[in-house]
Amino acid sequence: MFEARLLRSSILKKVLEAIKDLLTQATFDCDDNGIQLQAMDNSHVSLVSLTLRADGFDKYRCDRNISMGMNLGSMSKILKCAGDKDTVTIKAQDNADNVTFVFESPNQEKVSDYEMKLMNLDLEHLGIPETEYSCTIRMPSSEFARICRDLSQFGESMVISCTKEGVKFSATGDIGSANVKLAQTASIDKEEEAVVIEMEEPVTLTFACQYLNYFTKATSLSPQVQLSMSADVPLVVEYRIPDIGHIRYYLAPKIEEEDS
Amino acid sequence: MFEARLLRSSILKKVLEAIKDLLTQATFDCDDNGIQLQAMDNSHVSLVSLTLRADGFDKYRCDRNISMGMNLGSMSKILKCAGDKDTVTIKAQDNADNVTFVFESPNQEKVSDYEMKLMNLDLEHLGIPETEYSCTIRMPSSEFARICRDLSQFGESMVISCTKEGVKFSATGDIGSANVKLAQTASIDKEEEAVVIEMEEPVTLTFACQYLNYFTKATSLSPQVQLSMSADVPLVVEYRIPDIGHIRYYLAPKIEEEDS
Amino acid sequence: MFEARLLRSSILKKVLEAIKDLLTQATFDCDDNGIQLQAMDNSHVSLVSLTLRADGFDKYRCDRNISMGMNLGSMSKILKCAGDKDTVTIKAQDNADNVTFVFESPNQEKVSDYEMKLMNLDLEHLGIPETEYSCTIRMPSSEFARICRDLSQFGESMVISCTKEGVKFSATGDIGSANVKLAQTASIDKEEEAVVIEMEEPVTLTFACQYLNYFTKATSLSPQVQLSMSADVPLVVEYRIPDIGHIRYYLAPKIEEEDS
Numbered sequence: 012m013f014e015a016r017l018l019r020s021s022i023l024k025k026v027l028e029a030i031k032d033l034l035t036q037a038t039f040d041c042d043d044n045g046i047q048l049q050a051m052d053n054s055h056v057s058l059v060s061l062t063l064r065a066d067g068f069d070k071y072r073c074d075r076n077i078s079m080g081m082n083l084g085s086m087s088k089i090l091k092c093a094g095d096k097d098t099v100t101i102k103a104q105d106n107a108d109n110v111t112f113v114f115e116s117p118n119q120e121k122v123s124d125y126e127m128k129l130m131n132l133d134l135e136h137l138g139i140p141e142t143e144y145s146c147t148i149r150m151p152s153s154e155f156a157r158i159c160r161d162l163s164q165f166g167e168s169m170v171i172s173c174t175k176e177g178v179k180f181s182a183t184g185d186i187g188s189a190n191v192k193l194a195q196t197a198s199i200d201k202e203e204e205a206v207v208i209e210m211e212e213p214v215t216l217t218f219a220c221q222y223l224n225y226f227t228k229a230t231s232l233s234p235q236v237q238l239s240m241s242a243d244v245p246l247v248v249e250y251r252i253p254d255i256g257h258i259r260y261y262l263a264p265k266i267e268e269e270d271s
Numbered sequence: 012m013f014e015a016r017l018l019r020s021s022i023l024k025k026v027l028e029a030i031k032d033l034l035t036q037a038t039f040d041c042d043d044n045g046i047q048l049q050a051m052d053n054s055h056v057s058l059v060s061l062t063l064r065a066d067g068f069d070k071y072r073c074d075r076n077i078s079m080g081m082n083l084g085s086m087s088k089i090l091k092c093a094g095d096k097d098t099v100t101i102k103a104q105d106n107a108d109n110v111t112f113v114f115e116s117p118n119q120e121k122v123s124d125y126e127m128k129l130m131n132l133d134l135e136h137l138g139i140p141e142t143e144y145s146c147t148i149r150m151p152s153s154e155f156a157r158i159c160r161d162l163s164q165f166g167e168s169m170v171i172s173c174t175k176e177g178v179k180f181s182a183t184g185d186i187g188s189a190n191v192k193l194a195q196t197a198s199i200d201k202e203e204e205a206v207v208i209e210m211e212e213p214v215t216l217t218f219a220c221q222y223l224n225y226f227t228k229a230t231s232l233s234p235q236v237q238l239s240m241s242a243d244v245p246l247v248v249e250y251r252i253p254d255i256g257h258i259r260y261y262l263a264p265k266i267e268e269e270d271s
Numbered sequence: 012m013f014e015a016r017l018l019r020s021s022i023l024k025k026v027l028e029a030i031k032d033l034l035t036q037a038t039f040d041c042d043d044n045g046i047q048l049q050a051m052d053n054s055h056v057s058l059v060s061l062t063l064r065a066d067g068f069d070k071y072r073c074d075r076n077i078s079m080g081m082n083l084g085s086m087s088k089i090l091k092c093a094g095d096k097d098t099v100t101i102k103a104q105d106n107a108d109n110v111t112f113v114f115e116s117p118n119q120e121k122v123s124d125y126e127m128k129l130m131n132l133d134l135e136h137l138g139i140p141e142t143e144y145s146c147t148i149r150m151p152s153s154e155f156a157r158i159c160r161d162l163s164q165f166g167e168s169m170v171i172s173c174t175k176e177g178v179k180f181s182a183t184g185d186i187g188s189a190n191v192k193l194a195q196t197a198s199i200d201k202e203e204e205a206v207v208i209e210m211e212e213p214v215t216l217t218f219a220c221q222y223l224n225y226f227t228k229a230t231s232l233s234p235q236v237q238l239s240m241s242a243d244v245p246l247v248v249e250y251r252i253p254d255i256g257h258i259r260y261y262l263a264p265k266i267e268e269e270d271s
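Going line by line, the protein sequences match chains X, Y and L. Following our numbering, the numbering of the first sequence begins with 12 at its first residue and continues without gaps. Following our numbering, the numbering of the second sequence begins with 12 at its first residue and continues without gaps. Following our numbering, the numbering of the third sequence begins with 12 at its first residue and continues without gaps.
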């Protein structure tokens, strides 16, 4: 028997929004520690890693480890049927071939259950090596989303360049060229609005805008995003989900000819 | 001479929204008592019945009974030109072949008149028998709209099942199956949010989601909707329009093979 | 060296919105007095004239007169990257073949620069004769936008008829006929909501709705619009941009057979 309950369905709705454009289907691996999802996106370019810790749920029971392959389009349709204040419970029998989502309104007077068939998906266990990064940048997630959206109008790829002073995002294309520079926040009044850079050595890398824009679908999950970069290794874009876990996106840099 | 005046044009705008997707044209029958409209929808599956009582208008004059056939698409375009606070007056001469809508702004400084040609429509007078229903359900109209929208993602038809305890809406399809259960409201704080069931005997009927979704276009007319059901007779979905009348939709149940 | 700085980028954004659907490209003529733009629309029916005075900018420097041909679609894309509270600075070197837009956030922690190539456009200097008009009508710009939008549903052209009592807008088409009458405001409480008519002699002229609807894209620039009309000369639709200038649209009346 697997059962996981969240008082606020909105977290799960936002998680689905954050991955459903990248993945059409995925396996949710559930064990005592919580729920894990790791998958390459549909075009096998980027990698998504989601962790929802057992202690972040309002109720969590997992008698036997269970891997549930789900069609994320269908799951998203089901979650859209939950009211924002509804409690959501995910339920599955051991060895079952379906999963049930139960939504309960705050006053208990509306109870909905949605049953969905599970899929048999090839498991691809992806080892993600722990890495020390040359630079990590924390910044408001909405600012990062805005920059990715703006710059993708100018070119298909975007250069992220990090120094002690700040971080620069650049793109060039038919219209012209664009540079957006963010300075480190001098004095931090509001944690959520801060730009904080930790740097061992400066890094400049180029990424496909399209994937960065997919990642920013997670913006509503967290007020801050963290970018981790080192030369020649994938960028990590991490959104912490308050009290329950995180979602991380990995994207390899483009190899480009030097042009300056 | 026919003349009917409403201080708030918004009621008439909402009435049009509630019928224009079901009916492309319809006859408004006007007499001393008010305005009546009865028509089968374009595909002759459901029936719409609208009553606007004379005493609900701020001014009402109908010297001779008059039947005005109108293109509802055109009428809707005209009503969209009225400001929400405008007064609307509908005018027609006896035996005229056009009708005039006059909109006046609250300060009288803007006056608009729109003249529209009338149509000759075949009159189909539909006798709707008064029926005693086995179940009537009153519930928030927005909740009913939400359930119809949610469940229509899962299947083309929807089962409505009413017992003393509550009402259940169900749908099944490729994605899986969905059940939404509403309990009777235990203590009614707000009349508008109550779910109230009156039941002679339990009823379970199946309906086409598409038509229910058309009916819920009337949601903005009333905070509550009433569903009336008996075995083998059409469902009635009724929205009361405060102080002036009501709109009722009739939809025959689907005959389905038993599967449980 | 040319440099012009505005504390609020929103004005420039709105100016672009007001012209980019009419013009795909245009020349901004800059001299000591400010920035001028004059151009026929893409289909050479109407004329746009924009004036931004030097004294309306927060900083303005123009060492040598400079004419900058810009693709307005690209310029609009760039301006959409500015936050509404950002400061915008337009910069160009003398004889340069590109222009730079710099956006600075209020706290200076985000600085963006966008460089765009300039275009060589044929200069068409259009003499617009100063004219005394038989009627000028000042009215709320949102009301004018609303009327143009409403009436364009009824016909391709719109008659504007001005007398001492007020102004009437009319259209006729398949649906029927529409007349919107505005009276002069009796007592002016709020300047911005007033309808004020100055009339030497009554004028009735017919215009293409499509172009009037293009002009009303400037609505957000000013709470009031001024229409100036005389028989047989182009209508002038003017929006004053507070503290910095104005945008004027010119549209020749349609010549129509008399039908009353």
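All C-beta atoms in this analysis are idealised placements derived from N, C-alpha and C, irrespective of residue type, glycine included. Only a predicted model underlies this, so the values are computations on that prediction, with no experimental measurement involved.
Contact check, residue i vs residue j, beta carbons under 9 angstroms
i	j	result
M299 of chain X	G187 of chain Y	Chain X is shown only over 12 to 271; residue 299 of chain X falls outside these bounds and no answer can be derived.
I208 of chain X	K179 of chain X	no
T217 of chain X	P140 of chain X	no
A194 of chain X	T100 of chain X	no
S153 of chain L	P234 of chain L	yes
S57 of chain L	Q47 of chain L	no
L129 of chain L	V113 of chain L	no
A182 of chain L	G166 of chain L	yes
A65 of chain X	G45 of chain X	yes
A205 of chain X	R149 of chain X	yes
L223 of chain X	V248 of chain X	yes
S168 of chain Y	A219 of chain Y	yes
I255 of chain L	G67 of chain L	yes
R19 of chain L	K96 of chain L	yes
I89 of chain X	Y125 of chain X	yes
One or two residues paired with residue i in a DSSP bridge
i	result
C73 of chain L	L:F13
N190 of chain Y	X:D124 and Y:S181
V244 of chain L	Answer is none; V244 of chain L lacks a bridge partner.
F68 of chain L	According to DSSP, F68 of chain L bridges with nothing at all.
L262 of chain Y	Y:S57 and Y:L246
D40 of chain X	X:Q47 and X:S78
M150 of chain L	L:V236
N109 of chain L	L:K128
L216 of chain X	X:I171
H257 of chain L	L:T62 and L:R251
Which of helix, strand or coil DSSP assigns to residue i
i	result
K96 of chain Y	coil
F226 of chain L	helix
I252 of chain Y	strand
S21 of chain X	helix
V207 of chain X	strand
L199 of chain X	The question names Leu, yet the displayed sequence has Ile at residue 199 of chain X. It is coil, neither helix nor strand.
K282 of chain X	Residue 282 of chain X lies beyond the residue range present for chain X, which begins at 12 and ends at 271; the question has no answer from this structure.
E115 of chain Y	strand
Within-9 angstroms CB hit, residue i to chain Y
i	result
S231 of chain X	no
L238 of chain L	no
A189 of chain L	yes
9 angstroms Cβ cutoff, residue i in contact with chain L
i	result
I186 of chain X	yes
S20 of chain Y	no
C92 of chain Y	yes
T196 of chain X	yes
K192 of chain X	yes
V206 of chain X	yes
CB contact below 9 angstroms: residue i versus chain X
i	result
A65 of chain Y	no
*Residues of the region 106–133 of chain X with Cβ closer than 8 angstroms to any Cβ of chain Y, in chain order*: N109, Q119, E120, K121, V122, S123, D124, Y125, E126, M127 and K128
Next item on the list: Using a Cβ-Cβ cut-off of less than 7 angstroms, give me the residues of the region 71–100 of chain X that come near chain Y, in sequence order.
Entry: S85, K88 and C92
Anything in the region 134–168 of chain L with a Cβ closer than 7 angstroms to a Cβ of chain Y? List those residues in chain order, please. D161 and Q164
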